[in-house]
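Numbering (this note's numbering), first residue to last: 63 to 374.
Beta carbons: idealized from backbone N, C-alpha and C, even for Gly.
See below for the structure under consideration.
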Ligand SMILES: [Zn+2]
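Structure below.
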């Protein structure tokens, strides 16, 4: 199986009551950790690259790394997706260079501009067999080069979704229902609650249409503890409770984005390794521990949050 678009995956996920994990990739070991977990649990997977990842690793490397994963795990349906494409040009570049899915994020612009840019991307992408995700409503938090103050974040207005989808022709829609980018989503002691009522209203207005949740890391406290016990200083990092994400995945949510949790796992593995083996200096030794954590986290997400095990 070559790289696929998410069209068939989302159809099955929607009716099957599960979601596909969209994990951010930045280097070889992250790609390996994610795809090995997906292969072992027979789960489809979305590998997504942000603008920051493309700048860090170079888009050519990322595409080739994903092609390698596709060759090594031919049984796993793999989508290569652009995360938070800032404009038409970036989306076009990815369409032209092997991505099977792109996101145009014009959610910070006025409604009409969001529609115009998203439609332009959808028209170009569809001509080339690529699918498109757009966003309505804005999330707070920091994700690579996307930073939104909490007071500027807004929930998605269900009154706008039908018009938006109809006029843009996009294939899936990211909505804001209380998820947030980054590790510092909420303060300890706060009780993060997703607005599942907004999700229900959106899916009532868009029957059968795939919904996407961004910023859906849960910031597992065991990894925060390992980081802090081995020289780190992460304070009050907390994420979205996994049971609420599982609930969302049972309904219209077909794609759940997870980045921060993988970063925490990678960092925890490397910090612990350095602390326990101060004499080691072979990158293969310590990065392998980070990679093992990435794999374990993706396995956990597939089983406990996404529900996509065995859905190949
Ligand atoms: Zn995002």
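query	result
Spatial distance of residue 152 from residue 325 (CA atoms)	24 Å
Option nearest residue 227 by Cα separation, candidates 67, 314, 271 and 102	271
Start-to-end residues for the alpha helix (DSSP H) that takes in residue 124	121–134
Range of the contiguous alpha helix (DSSP H) that encloses residue 361	345–362
Boundaries (first-last residue) of the alpha helix (DSSP H) holding residue 222	220–230
Backbone secondary structure at residue 200 - three-state DSSP	strand
The segment 229–249 contacting the segment 271–285, beta-carbon criterion three pairs below 8 Å	yes
Span of the alpha helix (DSSP H) around residue 166	That residue, residue 166, is in no alpha helix (DSSP H); its beta strand (DSSP E) goes 163–166.
Residue 340, buried or exposed, once every other Cβ within 10 Å from all chains shown has been counted against 16	exposed
Same chain, Cβ closer than 6 Å to residue 367, neighbours up to 5 away in sequence not counted	304, 307 and 308
C-beta atoms of residue 315 and residue 101 nearer than 7 Å	no
Chain D contact for residue 314 (CB, 7 Å cutoff)	The displayed structure is made up of one protein chain only, and chain D is not part of it.
Straight-line gap, residue 361 to residue 279 (C-alpha atoms, nearest Å)	14 Å
Rounded distance between the beta-carbons of residue 163 and residue 188, thought under 8 Å	Actually they do not touch by this definition, with Cβ atoms about 12 Å apart.
Bridge-paired residues (DSSP) for residue 275	318
Three or more C-beta pairs below 8 Å linking the segment 102–122 and the segment 135–150	yes
Outcome for residue 353 when other beta-carbon atoms lying within 10 angstroms are tallied against a minimum of 16	buried
Exposed unless 16 or more other CB atoms sit within 10 angstroms - verdict on residue 120	exposed
Span separating the alpha-carbon of residue 282 from that of residue 134	30 Å
Environment of residue 333 [buried if 16+ CB atoms lie within 10 Å]	buried
Residue 296 vs residue 302 beta-carbon contact at 7 Å	no
Whether residue 356 touches residue 83 by CB criterion (7 Å)	no
Buried or exposed by the 16-neighbour rule on C-beta atoms within 10 Å, applied to residue 132	buried
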